[in-house]
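Numbering (the numbering used here), first residue to last: 16 to 244.
As structure tokens, the structure follows; a few thoughts come after it.
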DNA sequence: GCGACAG
DNA sequence: ATCTTGTCGC
Ligand SMILES: [Mg+2]
């Protein structure tokens, strides 16, 4: 299908569409989380989107989609691997969220167009990028307590591309960046608010859980291979 | 050429 | 992402 070289050209073309200021509902009522799980033995993957109440974090809707991977994992081209199942799951969603938090970077990317940007521009919805580890950029002097923030600066042009955010005292930070229609400051506030009990936002944790379930359900209710010979 | 490198 | 129980530290 699409080649890595073509994917890079597409990113450089779409990056101009990213909006880095707040263009989202007042007040925020619902928030969605997304994640993709992989099956070690087959090339199946499952993407899930879970919508939660912004204040109570009650689950309002969930949609998942299983399919075969269509693109290899290449740092910088991650969205071409994980977006397919997420777009289909999102399409099936019965409740439209006010904003979305993706499990990966937004602007904190070599070409300033990570998964959160690609997903946001594609859906034209507010999206926040929240990665567990760093893809690019450097930061220093991050405090040890929850709520501590340190700017993530791009190595090449010294641009502010995101924030390292400590969501739990003394535990590794998460990396927050604008995906689309959410400023870095707002994105950082929201991730801290949604990461109530663990390092990761509850949205990401729940999406991860539902994607796992979807993969297991799909495999059990599918063809022959496993169990009885 | 070598090391880094979202999930 | 995935392989995976116990173990070290706060
Ligand atoms: Mg993930």
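We put the CB at the ideal spot given by N, CA and C, even for glycine.
Proximity winner among 68, 27, 99, relative to residue 51 (alpha-carbon distances): Locating residue 51 in the first chain gives position 36, where the first residue counts as 1. Comparing Cα positions, the closest option is 99.
Residue 151 (DSSP reduced to helix, strand or coil): Counted from its first residue, the first chain places residue 151 at position 136. Here residue 151 sits in coil by DSSP.
Integer Cβ distance of residue 80 from residue 103, believed to fall under 8 Å: The residue labelled residue 80 in the question sits at position 65 within the first chain. The residue labelled residue 103 in the question sits at position 88 within the first chain. Yes, residue 80 and residue 103 are in contact; Cβ-Cβ is about 4 Å, under 8 Å.
Minimum C-alpha distance to residue 178 - residue among 47, 168, 185, 172: Taking the first chain and counting its residues from 1, the one referred to as residue 178 is at position 163. Ranking the options by Cα distance to residue 178, first place goes to 168.
Any non-hydrogen atom of ligand 1 closer than 7 Å to residue 51 Cβ: Counting from 1 along the first chain, the entry for residue 51 is found at position 36. Yes, Cβ of residue 51 sits closer than 7 Å to a heavy atom of ligand 1.
Expected contact under 8 Å - CB spacing of residue 46 and residue 112 to nearest Å: As a working mapping, residue 46 is identified with position 31 in the first chain. As a working mapping, residue 112 is identified with position 97 in the first chain. Contact flag correct, Cβ pair sits at about 6 Å.
Straight-line Cα distance separating residue 153 from residue 174: Counted from its first residue, the first chain places residue 174 at position 159. Counted from its first residue, the first chain places residue 153 at position 138. In a straight line, the C-alpha of residue 174 is about 10 Å away from that of residue 153.
Inside the stretch 88 to 166 only - beta strand (DSSP E) runs reaching at least 3 residues: 114 to 117, 142 to 146
Per-residue burial, residue 16 [other beta carbons within 10 Å of its own, 16 or more giving buried]: Start at 1 with the first residue of the first chain, and residue 16 comes out as number 1. By the neighbour-count rule (16 or more Cβ atoms within 10 Å), residue 16 is not buried but exposed.
Length of the line joining the Cα atoms of residue 244 and residue 234: Within the first chain, numbered from 1, the residue matching residue 244 stands at position 229. Within the first chain, numbered from 1, the residue matching residue 234 stands at position 219. Since pLDDT at residue 244 reaches only 31, below the 50 mark, its modelled position is unreliable, and the value read off the structure follows with that caveat. Rounded to the nearest angstrom, the two C-alpha atoms are 16 Å apart.
Residues that DSSP places opposite residue 7 in a beta bridge: Since the first residue shown for the chain is 16 and the last is 244, residue 7 is missing from the structure and cannot be characterised.
At least three beta-carbon pairs within less than 8 Å, the stretch 133 to 151 to the stretch 196 to 204: yes
Rounded Cβ spacing between residue 130 and residue 117 (contact assumed at less than 8 Å): Translated into positions along the first chain, residue 130 becomes position 115. Translated into positions along the first chain, residue 117 becomes position 102. That pair is a contact at about 5 Å.
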